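A.B. asks:
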Amino acid sequence: MNTRTVKLLIIWSSFISTYLVNNKTTLARYFCENAYNYTRNSTYQRNLDSALSALPSTNSGFGFFNFSIGQGNDRVNSAALCRGDFNSTVCRSCVNDSIINLPRSCPNQKEAIGYYDNCFLYYSNQSILQQTGLKFSLILFNTQDTSDVNQFNRALRPLLADLRTKAAAGDSLIKFATANTSGPGFSTIYGLVQCIPNLSESECNDCLEGLINEIPNYMNGKVGGLINLPRCNYRYEIYRFFNESAGIISPSPPPVLQPSPPVQLPSSPPGKKNDTTRVVIIIVTIVVVTTVMIIALLCIFIRLRRKKKPIPRPLPNETVHSESMEIGSAESLQYDFSTIKEATNDFSEENKLGRGGFGAVYRGTLTNGQEIAVKRLAKDSGQGDGEFKNEVLLVAKLQHRNLVRLLGFSIEGRERLLVYEFLPNASLDHFIFDPTKRTLLGWEKRYNIIKGIAKGLLYLHEDSRLRIIHRDMKASNVLLDVEMNPKIADFGMARLFKPEETQGDTSRIVGTYGYMAPEYAMHGQFSVKSDVFSFGVLLLEMVTGQKNQCFRNGESIIEHLLSFAWKSWKNGTASEMIDPTLTTGSGSLRDIVRSIHIGLLCVQENVSNRPTMASIVLMLNSFSITLPMPAEPAFFMDSNIDPEMPLLLEYSSSTESSGLQKSKISKSRSRSSQFSVNDVSISDFVPR
């Protein structure tokens, strides 16, 4: 099996069962096929919108949805399948939610699939019947091992083989089967298999057989596991995870026969006694059924609580495209300290990528070959282990293609480690401020980076589960992947160990001088518009290829990039700001000047005049929108202060007799490297 084409997710299967019990529509995993993309407002997008709109109306009656529209390369094939043990209400809700969520998770991709607890959704310009092998596979297993592997397998394999035969023999409406068998000791093994119903009997049988044969490779001896493919899937556990009473499967209607005479029951005298007996029987039945249901739910709850929480082991070549993955517990993200210590060669100097105000960053390689970036936080943290884990959980739930992905953490004594995905191209400042490297970034690449950063900030401000205000948005906090796609780093980390800040204003100002909005730097007042200001500075830096401290124009040096940008704009000479390494045609020149316009809107002194990130994303993607005229930006920077220098302001206010407030401000600066990788910054979490 070629692992490069296999996309895997390995998590605790009993954790998934918790969501099944609650009947929630939870996106467990999704895949986006980047080989086939479409453009906005294209024929394919219109066909995709039409297909997904029509899909819910195509229910076969047994939870299978299938709809296609369009011709040639613009043809869209869509399909959804609900698990056979969920009722029609749960099924319909799952399909509707997935139709909304999956296109958001995979924007512009022609082929995508989302696996949910109750259903899956698939759309592509290819037919679902053409998907073979383990492409788009979701593989999960319980990390608990059985006490007798051979005996467990001798019971499991016949169970799944029997279910495979039963499901494959189903008709064109449903191919689904569940059953259980006795396992080692006093255990019971429960199994479930399902195929999309438009497979033939032999196709369903072959698909399931291929998945069952993968058990020795991934879950040999594990007490639970599943493999999901677009064509078929199976799951087994040592507890009953499927619903036997609320299935969408209805028995086939009996053949129409001549009515038989009604069966006569022994008669009893009519009257009040007969009515009383009937009422008593009904009440007793309701009480018994309710009691049994409560006991069953309590047993399931106790069993789930007793299950040991595992530690994830990332796989080599694992590719994750996840925007909304649920995290069940902090322990599921925890790495052994010794594992990370070994991966970084005991945090050796040759593995150090950089150092920021809150610790050093190291490159590491796990035993399975996966490369990671490890931030070793300063040891003066005031947080306990529980608070630290909870903060990591919050950040781990922030999943977006333009955010650096947090893989997990490690705690030992006073050591606090944060484990990130490793990005080989380091940070944006390595490129745009380097006279040689910035020639590698033409305007198209720079514009894509600008748009990606804007999308990442928009997610933090409006689309994530928490409202995150970054407060240190700068070039060194934007990392680049192998395809030069931007990923915002250091959102939310500082709060893990410096939790003094509050919503709206703070007595602890941490950020980078030159990127700070004036209301934040001077008064400690911050909002999403603070990030907008920083984004505007970064955008102007991208256009000019120079730092915001000063703008060099030929032999002369004009202090303050914002000041020079404003004067150039007012004088109609904005083109003089453009990085001379950029090749500018008439079209690109228009786009660059428009970008300068957007940057000036972002750095306006009046907070209310600055646009939101939602408006900025719209401006960057639609050239038909008329931009308002910018007002004068804030000129508060001093030329003798390095704009890349981290700044910490602590102030206290006291009211004097005149009623006026005076602020006592003390500044303390910490040294940092010229270029930083994953420097930690303060962010603010606001519950939605």
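When you line the sequence shown up against our numbering, it's residues 340 to 1027, in that order.
Positions of the beta carbon are idealized from the N, C-alpha and C atoms, including for glycine.
The model shown is predicted, which means the values in this text are computed figures rather than measured ones.
#1: Distance, Cα to Cα, residue 875 vs residue 740?
#2: What is the DSSP secondary structure of residue 482, counted as helix, strand or coil?
#3: Closer than 8 Å, CB to CB, is residue 970 near chain D or not?
#4: I'd like to check one pair, residue 674 with residue 749: are the Cβ atoms closer than 8 Å?
#5: Looking at C-beta atoms only, is the number of pairs between the region 534-547 and the region 423-435 that lie closer than 8 Å three or more?
#6: What's the C-alpha gap between residue 775 and residue 769?
#7: When the Cα atoms are used, what is the spatial distance from residue 510 to residue 404?
#8: Exposed or buried, residue 1083, counting other C-beta atoms within 10 Å across all chains shown (16 or more means buried)?
#9: With distance defined between alpha-carbon atoms, name the residue in 855, 582, 491 and 565 nearest to residue 521.
#10: Could you name the residues of the same chain whose beta carbon sits closer than 7 Å to that of residue 905, not counting the 5 residues immediately before and after it, in chain order?
#11: So what does DSSP say about residue 864, is it helix, strand or coil?
#12: Measuring alpha carbon to alpha carbon, tell me which of 624, 484 and 369 ends up nearest residue 562.
#13: Looking at the secondary structure, which residues open and close the alpha helix (DSSP H) in which residue 491 lies?
#14: For residue 907, collect the residues of the same chain with a Cβ closer than 7 Å to its Cβ; drop the 5 residues on either side in sequence, then sort them by chain order.
#15: Output needed for residue 454: all residues of its chain with C-beta closer than 6 Å, excluding positions within five of it in sequence on either side, in chain order.
#16: With a 10 Å radius around its C-beta and 16 neighbouring C-beta atoms as the bar for buried, classify residue 958 as buried or exposed.
#17: Find out if the Cβ-Cβ distance for the pair residue 488, residue 556 is shorter than 8 Å.
#18: Assuming residue 406 contacts residue 394 (C-beta within less than 8 Å), just tell me the rounded distance between them.
#19: Would you list the one or two residues that DSSP bridges to residue 700?
#20: Can you tell me which residues form a DSSP beta bridge with residue 400?
#21: Using DSSP's beta-bridge definition, name the partner residues of residue 571.
#22: For residue 375 and residue 437, I'd like the C-alpha separation in whole angstroms.
#23: Should residue 514 go down as buried or exposed, given a rule of 16 or more other Cβ atoms within 10 Å for buried?
#24: Is it right to say residue 361 is buried, meaning 16 or more other beta carbons lie within 10 angstroms of its own, or is it exposed?
#25: Would you give the residue range spanned by the beta strand (DSSP E) that residue 818 belongs to?
#26: Under the three-state reduction of DSSP, which class applies to residue 806: helix, strand or coil?
#27: Suppose you measure from the CA of residue 480 to the CA of residue 576; what does that come to, to the nearest Å?
#28: Counting Cβ pairs closer than 8 Å, one from the region 814-828 and one from the region 856-871, do we hit at least three?
#29: Roughly how many whole angstroms lie between the Cα atoms of residue 787 and residue 872?
#30: If you drop the 5 nearest sequence neighbours on each side, which residues of the same chain put their C-beta closer than 7 Å to that of residue 548?
#31: Keeping to the same chain, check which residues put their C-beta closer than 7 Å to that of residue 526; ignore five residues upstream and five downstream.
C.D. replies: For this structure:
#1: 21 Å
#2: coil
#3: Structure shown: chain D not included; a single protein chain is present.
#4: yes
#5: no
#6: 10 Å
#7: 15 Å
#8: Shown here, the chain extends from 340 to 1027; a query on residue 1083 therefore has no answer.
#9: 491
#10: 939, 971 and 972
#11: strand
#12: 484
#13: 488-507
#14: 913, 915 and 916
#15: 367, 368, 477 and 567
#16: buried
#17: no
#18: 5 Å
#19: 693 and 714
#20: Beta-bridge pairing links residue 400 to no other residue.
#21: 534
#22: 21 Å
#23: buried
#24: Legend: pLDDT at residue 361 = 35, less than 50; position of this residue unreliable, value from coordinates given subsequently. So residue 361 counts as exposed.
#25: 817-819
#26: strand
#27: 9 Å
#28: no
#29: 19 Å
#30: 503
#31: 577
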